[in-house]
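Position one of the sequence shown corresponds to residue 27 (this note's numbering), numbered consecutively onward.
Backbone N, C-alpha and C fix where the C-beta goes; we use that ideal spot for every residue, glycine too.
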Amino acid sequence: MTKNISLIIEARSTSRRLPNKHFLKANNKMMIEHQIERLKILKKVNIIIATTKNKSDDKFEKISKKLKINIFRGSEKNVLLRVISAAKFFNENIICRVTGDSPLIDAKIVKKCIKYFLNNKKIDYLESDKNLPVGTGCSVSKLSCLIKSYNLNKSKKNLEHVTWFIKNNPKKFNIKFLKFPSYLHGKEISFTLDTKDDFKKIKNIFAKFKNKKKINCENVVKFLSF
Numbered sequence: 027m028t029k030n031i032s033l034i035i036e037a038r039s040t041s042r043r044l045p046n047k048h049f050l051k052a053n054n055k056m057m058i059e060h061q062i063e064r065l066k067i068l069k070k071v072n073i074i075i076a077t078t079k080n081k082s083d084d085k086f087e088k089i090s091k092k093l094k095i096n097i098f099r100g101s102e103k104n105v106l107l108r109v110i111s112a113a114k115f116f117n118e119n120i121i122c123r124v125t126g127d128s129p130l131i132d133a134k135i136v137k138k139c140i141k142y143f144l145n146n147k148k149i150d151y152l153e154s155d156k157n158l159p160v161g162t163g164c165s166v167s168k169l170s171c172l173i174k175s176y177n178l179n180k181s182k183k184n185l186e187h188v189t190w191f192i193k194n195n196p197k198k199f200n201i202k203f204l205k206f207p208s209y210l211h212g213k214e215i216s217f218t219l220d221t222k223d224d225f226k227k228i229k230n231i232f233a234k235f236k237n238k239k240k241i242n243c244e245n246v247v248k249f250l251s252f
């Protein structure tokens, strides 16, 4: 891989359904710490937490320092601009986006998406298979693609959901959805952390798999399918 790609983790503490969810702990580590450590197997990728300027998000500063990753602070509601600004600040021209509520993210899936994108230069935007469980995959795009989207559409929906306009305008962008084997599928399964029940489920998964390397999409799908 190349160093001119940023892996941006969108995170803020003011979730309506589960405030401060990133700081909840399993096995004595915060959810966001688990996620970052899982993503650190990706070499030569600049990991950045993109959070807000709110006082409540100061805690991400300490986490980024502890785990030796970068941090960028920007708009709370204009997430698209926050992501664009983070990439510009660190002089990156390719962006891999993940949300900060995915402590079980599968770094191998992310790696495959990045590799495919880098090897296919005509693609503007790539997203992992829609059949994968929510919270295991990512999207990869050129910075120029996000800037174009921002300039063409400043609706609330696009600013909050970052890639909404891109995915709904295939004639304006070269889009690819990368397929993965069916044994990884489980679109009815969610790996994301949005509710207290999600937290209980994720804690059980961390308790089940003592060996961190065994926490991957395939094994967790099997575990949750029983």
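Three-state secondary structure (DSSP) of residue i
i, result
"E36", "strand"
"V160", "strand"
"N46", "coil"
"N145", "helix"
"S175", "helix"
"K234", "helix"
"K197", "coil"
"I192", "helix"
"S208", "helix"
"K213", "coil"
"I131", "coil"
"S41", "coil"
Contacting residues, own chain, Cβ-Cβ under 7 Å from residue i (five flanking each side not counted)
i, result
"I215", "P159, V247, L250"
"R64", "I131, A133"
"F199", "D150, Y151, C171, I192"
"K229", "A52"
Same chain, Cβ closer than 6 Å to residue i, neighbours up to 5 away in sequence not counted
i, result
"G100", "R108, S111"
"F115", "F98"
"L106", "Y176, L185, V188"
Where the beta strand (DSSP E) containing residue i begins and where it ends
i, result
"E153", "151 to 154"
"K202", "201 to 204"
"V71", "That residue, V71, is in no beta strand (DSSP E); it is neither H nor E in DSSP."
"I121", "120 to 125"
Alpha carbon of residue i to alpha carbon of residue j, nearest angstrom
i, j, result
"F235", "A52", "12 Å"
"I34", "E59", "14 Å"
"N157", "C164", "13 Å"
"E36", "L204", "22 Å"
"K94", "L68", "14 Å"
"K213", "S82", "33 Å"
"R43", "I74", "24 Å"
"N96", "S90", "6 Å"
"N104", "N177", "13 Å"
"G161", "N72", "20 Å"
"K238", "F232", "8 Å"
"C122", "I31", "7 Å"
"E153", "N54", "32 Å"
"T221", "A76", "22 Å"
"I201", "K183", "19 Å"
"H48", "P196", "33 Å"
"D127", "T218", "6 Å"
"K29", "N117", "In this predicted model, K29 has a pLDDT of only 48, less than 50, meaning its place in the structure is not dependable enough to derive any value."
Where the alpha helix (DSSP H) through residue i begins and ends
i, result
"V166", "First-last for V166: 165 to 168, but that is the beta strand (DSSP E), not the alpha helix (DSSP H)."
"V247", "243 to 251"
"I62", "57 to 65"
"L185", "182 to 187"
Other residues of its chain near residue i: CB distance less than 8 Å, five sequence neighbours each side excluded
i, result
"N80", "R38, S39, T40, E102"
"I241", "R64, L130, I231, F232, F235"
Proximity test, residue i beta-carbon vs the ligand GTP heavy atom, cut-off 8 Å
i, result
"D220", "In the structure on display, the ligand GTP does not appear, and there are no ligands present to speak of."
Q) Considering only residues of the stretch 76 to 111, which uninterrupted beta strand (DSSP E) runs meet the minimum length of 3 residues and lie entirely inside it, listed in chain order? A) 96 to 100
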